[in-house]
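In order, the protein sequence lines correspond to chains A and B. Going by this note's numbering, 223 is the number at position 223 of the first sequence; the sequence numbering is gapless. Count along the second sequence from 1, add 269, and you get the number used in this note's numbering. Glycine is no exception: its CB is placed at the ideal position from the N, C-alpha and C atoms. All values derive from a computational prediction rather than experimental measurement. What follows is one structure encoded as structure tokens, with my remarks underneath.
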Amino acid sequence: MKNHSLALKLSAGFGFLFLYAPIVALIIYGFNESKLVTVWGGWSLKWYVELFQNDQIMDAAWVSLKIAFISATLASILGTLAGFVLSRMGKFRGKTMMAGWVTAPLVMPEVITGLSLLLLFVAMESMFGWPAGRGTTTIVIAHTTFCLAYVAVVVQSRLSSMDETLEEAAMDLGAKPVSLFFLITLPLIAPAILSGWLLSFTLSLDDLVIASFVSGPGNSTLPMVIFSKVRLGVTPEINALATLMILVVSIAVIAAIFIMRRQNRFQNP
Amino acid sequence: MMTTSSNTTRPNLLQRLQTIRLGRWCVILMPMLWLAAFFFIPFLVVFKISLSEAMIAVPPYSPLLEWDPSNAYATLKVTFGNYLFLFESRFYLDAYLSSLRIAAVSTFFTLLIGFPIAYLIARSGPTSRTILLSLVILPFWTSFLLRVYAWMSLLKKNGLVNDTLMSLGLIDQPLQILQTDVAVYIGIVYTYLPFMILPLYTTLEKMDMSLIEAAKDLGAKPWQSVLSGDVASGEAGHHCGLFIGVYPGGRRVCYSCLVRRFRYADDWSCVVG
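Take a look at the structure:
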């Protein structure tokens with residue numbers, strides 16, 4: 001079974017080449033001395049220095065990280081509650097509607113999510129005076145709303161694949177619902193919540209369309225800044241930034257795999 | 270739908286939880302109110318605007334309910350003109366059709382490139398499987414914008430692709446790839462490849478290998494067994510992969526403005542369509 005045919009290996013190899021050629025080229029050109037991305041001028045770290053001196057990019061990165069952190073956390077809390085309610089609370093009035101609301105943001109085009117939230121924020125501002133202007137708060141609300149859906153789906157699938165016996169046993173032993181949730185259910189679904197949080201963090205960090213709709217002046221997120229820079233042409237600073245981001249993500253992914261493998265070994269020795 | 274605790278057959282967690290109803294409703298209402306406020310109501314706002322007429326005013330559309338103080342009743346003014354316009358205007362029709370075409374073509378290529386990878390991963394040993402899978406997942410976690418940006422420098426007039434083709438003597442002068450449909454296809458296929466590979470892999474992994482063995486025993490060529498056996502039983506995964514592939518493909522065409530300038534006029538009232 002290990003002997004794959006040459007054709008399969010070649011076509012899969014082509015696929016991986018397609019996946020990684022741009023990334024490798026991106027990283028290499030980030031170390032290019034020359035301003036022209038396509039002309040090789042020798043190795044240099046100059047663009048990394050310029051990147052860290054570029055206030056616009058650094059500010060945007062900070063804004064983005066802050067927004068991603070807050071909205072991932074909020075989305076994890078609300079999404080966990082939503083997933084829990086949908087899979088453990090049985091039937092209640094409005095459950096079907098809620099199930100629809102939870103999954104709809106997943107398939108809703110981002111343009112529409114962004115536009116409808118923008119219209120809501122404008123209407124709210126003229127009616128209640130809040131949120132005053134658009135900025136970090138509105139982006140956090142928008143990101144929480146669409147990330148919530150992802151967390152809810154992950155948590156819900158984890159809960160439905162897990163049987164209720166442990167929770168029932170705890171109940172039989174007299175655990176109150178609140179302590180039951182925090183002592184039994186939460187630790188059991190913690191991996192799902194964590195992966196939901198990570199997913200939300202990445203989605204929020206990556207989002208361009210929704211943020212463009214709901215952000216205000218002076219609150220550009222990193223993708224917005226990258227987009228506006230890239231539209232003017234290719235700049236090596238962006239290559240340097242991309243390399244750093246790929247590095248961070250690679251380390252995180254490798255660490256996650258390593259931890260998961262260790263956990264598996266621990267669980268089934 | 271009022272209270273349904275009595276019609277479940279098995280006494281379960283929920284019935285016991287129902288003893289404290291107040292807490293229960295608090296838990297239910299928290300995510301629900303959030304979704305109502307920031308998902309459902311905005312949608313209603315858009316829907317409302319879609320039924321009103323465009324005006325040059327603030328806000329730039331007519332009110333639905335018109336209150337006449339002298340008669341003391343309100344008139345509901347609804348127009349479906351925006352929806353009709355959506356189907357009449359060539360501009361929007363062309364945009365839909367080109368979105369569909371781009372989605373279909375890029376889904377085909379995503380499947381073409383993604384299937385061998387998914388197949389190879391599903392058929393390799395545990396260690397190489399982990400490595401290959403993480404190689405597929407890694408680009409998925411990196412910024413989508415930067416991945417498309419990476420292609421821009423490759424596809425430029427004096428980029429790597431053109432240089433390579435020129436030095437190989439395949440073309441005499443650089444091809445214009447950026448700002449064409451080809452660039453859009455490459456960008457979308459590239460961005461959505463992991464979304465195609467992962468569901469395909471899950472299906473292929475669960476698939477019964479004995480089907481293929483049987484096909485081989487009966488003298489099928491490798492590609493035949495792949496086509497008949499795999500494609501047939503991998504069908505569910507395909508659909509899943511295809512769905513995920515097509516859908517964002519269609520919806521994210523707006524992103525392709527990165528690789529090809531894509532103009533669309535903003536018509537707020539028509540957004541619901």
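Nearest residue (CA-CA) to residue i, options the options
{"i": "residue 241/A", "options": "112/A, 261/A, 57/A", "result": "57/A"}
{"i": "residue 317/B", "options": "298/B, 294/B, 352/B, 300/B", "result": "352/B"}
{"i": "residue 135/A", "options": "166/A, 257/A, 122/A, 127/A", "result": "122/A"}
{"i": "residue 413/B", "options": "116/A, 192/A, 203/A, 211/A", "result": "203/A"}
{"i": "residue 248/A", "options": "408/B, 300/B, 354/B", "result": "408/B"}
{"i": "residue 450/B", "options": "373/B, 385/B, 439/B", "result": "373/B"}
{"i": "residue 215/A", "options": "46/A, 60/A, 45/A", "result": "60/A"}
{"i": "residue 292/B", "options": "43/A, 176/A, 154/A", "result": "176/A"}
{"i": "residue 306/B", "options": "162/A, 102/A, 255/A, 256/A", "result": "102/A"}
{"i": "residue 149/A", "options": "225/A, 80/A, 252/A, 119/A", "result": "80/A"}
{"i": "residue 62/A", "options": "239/A, 225/A, 250/A, 196/A", "result": "225/A"}
{"i": "residue 105/A", "options": "185/A, 146/A, 155/A, 138/A", "result": "146/A"}
{"i": "residue 109/A", "options": "208/A, 154/A, 254/A", "result": "208/A"}
{"i": "residue 319/B", "options": "156/A, 234/A, 112/A, 192/A", "result": "112/A"}
{"i": "residue 137/A", "options": "193/A, 74/A, 238/A", "result": "74/A"}
{"i": "residue 30/A", "options": "156/A, 234/A, 12/A, 126/A", "result": "234/A"}
{"i": "residue 49/A", "options": "238/A, 255/A, 144/A", "result": "238/A"}
Span separating the alpha-carbon of residue i from that of residue j
{"i": "residue 19/A", "j": "residue 97/A", "result": "40 Å"}
{"i": "residue 14/A", "j": "residue 311/B", "result": "45 Å"}
{"i": "residue 387/B", "j": "residue 467/B", "result": "7 Å"}
{"i": "residue 441/B", "j": "residue 434/B", "result": "9 Å"}
{"i": "residue 35/A", "j": "residue 236/A", "result": "7 Å"}
{"i": "residue 474/B", "j": "residue 259/A", "result": "23 Å"}
{"i": "residue 188/A", "j": "residue 357/B", "result": "54 Å"}
{"i": "residue 349/B", "j": "residue 313/B", "result": "16 Å"}
{"i": "residue 171/A", "j": "residue 24/A", "result": "54 Å"}
{"i": "residue 69/A", "j": "residue 304/B", "result": "20 Å"}
{"i": "residue 231/A", "j": "residue 421/B", "result": "10 Å"}
{"i": "residue 173/A", "j": "residue 198/A", "result": "34 Å"}
{"i": "residue 379/B", "j": "residue 457/B", "result": "9 Å"}
{"i": "residue 27/A", "j": "residue 394/B", "result": "30 Å"}
{"i": "residue 448/B", "j": "residue 454/B", "result": "11 Å"}
{"i": "residue 190/A", "j": "residue 116/A", "result": "33 Å"}
{"i": "residue 163/A", "j": "residue 169/A", "result": "11 Å"}
{"i": "residue 445/B", "j": "residue 465/B", "result": "28 Å"}
{"i": "residue 255/A", "j": "residue 359/B", "result": "52 Å"}
{"i": "residue 100/A", "j": "residue 107/A", "result": "11 Å"}
{"i": "residue 383/B", "j": "residue 389/B", "result": "10 Å"}
{"i": "residue 205/A", "j": "residue 437/B", "result": "40 Å"}
{"i": "residue 130/A", "j": "residue 452/B", "result": "43 Å"}
{"i": "residue 365/B", "j": "residue 45/A", "result": "45 Å"}
{"i": "residue 397/B", "j": "residue 411/B", "result": "22 Å"}
{"i": "residue 21/A", "j": "residue 371/B", "result": "23 Å"}
Residue i and residue j closer than 8 Å at C-beta
{"i": "residue 151/A", "j": "residue 94/A", "result": "no"}
{"i": "residue 16/A", "j": "residue 404/B", "result": "yes"}
{"i": "residue 470/B", "j": "residue 391/B", "result": "yes"}
{"i": "residue 114/A", "j": "residue 228/A", "result": "no"}
{"i": "residue 140/A", "j": "residue 71/A", "result": "yes"}
{"i": "residue 182/A", "j": "residue 297/B", "result": "no"}
{"i": "residue 430/B", "j": "residue 119/A", "result": "no"}
{"i": "residue 195/A", "j": "residue 87/A", "result": "no"}
{"i": "residue 210/A", "j": "residue 76/A", "result": "no"}
{"i": "residue 406/B", "j": "residue 463/B", "result": "yes"}
{"i": "residue 439/B", "j": "residue 245/A", "result": "no"}
{"i": "residue 78/A", "j": "residue 443/B", "result": "no"}
{"i": "residue 185/A", "j": "residue 167/A", "result": "yes"}
{"i": "residue 355/B", "j": "residue 361/B", "result": "yes"}
Open item on the list: Taking beta-carbon pairs under 9 Å, can you tell me which members of the region 99–115 of chain A lie near chain B?
Closed with: 101, 102, 104, 105, 107, 108, 109, 110, 111, 112, 113, 115
TODO: Determine contact between the region 216–232 of chain A and the region 3–15 of chain A, defined as no fewer than three beta-carbon pairs at a distance below 8 Å.
DONE: no
Task: Proximal residues, the region 121–132 of chain A versus chain B, C-beta separation under 9 Å - done: 121, 122, 123, 126
- [ ] Anything in the region 216–241 of chain A with a Cβ closer than 7 Å to a Cβ of chain B? List those residues in chain order, please.
- [x] 223, 226, 227, 230, 234, 238
Open item on the list: For the pair the region 417–426 of chain B and the region 47–55 of chain A, tell me if three or more CB-CB distances fall below 8 Å.
Closed with: no
Open item on the list: Tell me which residues of the region 361–378 of chain B have at least one Cβ-Cβ distance to chain A shorter than 8 Å, keeping chain order.
Closed with: none
TODO: Pull out every residue of the region 247–260 of chain A whose Cβ sits closer than 8 Å to any Cβ of chain B, in chain order.
DONE: 249, 250, 252, 253, 254, 257
Task: Interface residues of the region 134–161 of chain A facing chain B [CB-CB below 9 Å] - done: 141, 142, 144, 145, 146, 148, 149, 152
Task: Interfacial residues, the region 74–91 of chain A to chain B, with Cβ spacing under 8 Å - done: 78, 79, 81, 82, 84, 85, 88, 89, 90, 91
Task: Interface residues of the region 461–475 of chain B facing chain A [CB-CB below 7 Å] - done: 462
Task: Interfacial residues, the region 310–323 of chain B to chain A, with Cβ spacing under 8 Å - done: 310, 311, 312, 314, 315, 318
TODO: Using a Cβ-Cβ cut-off of less than 8 Å, list which residues of the region 7–18 of chain A approach chain B; keep chain order.
DONE: 7, 8, 9, 11, 12, 14, 15, 16, 18
TODO: Please name the residues in the region 404–424 of chain B whose beta-carbon is closer than 8 Å to at least one beta-carbon of chain A, in chain order.
DONE: 404, 405, 406, 407, 408, 410, 411, 412, 413, 414, 415, 416, 418, 419, 420, 421, 422, 423
TODO: Pull out every residue of the region 194–206 of chain A whose Cβ sits closer than 8 Å to any Cβ of chain B, in chain order.
DONE: 202, 205, 206
- [ ] With 8 Å as the limit, tell me which residues of the region 162–182 of chain A have their beta carbon closer than that to any beta carbon of chain B; keep them in chain order.
- [x] 164, 167, 168, 171, 177, 178
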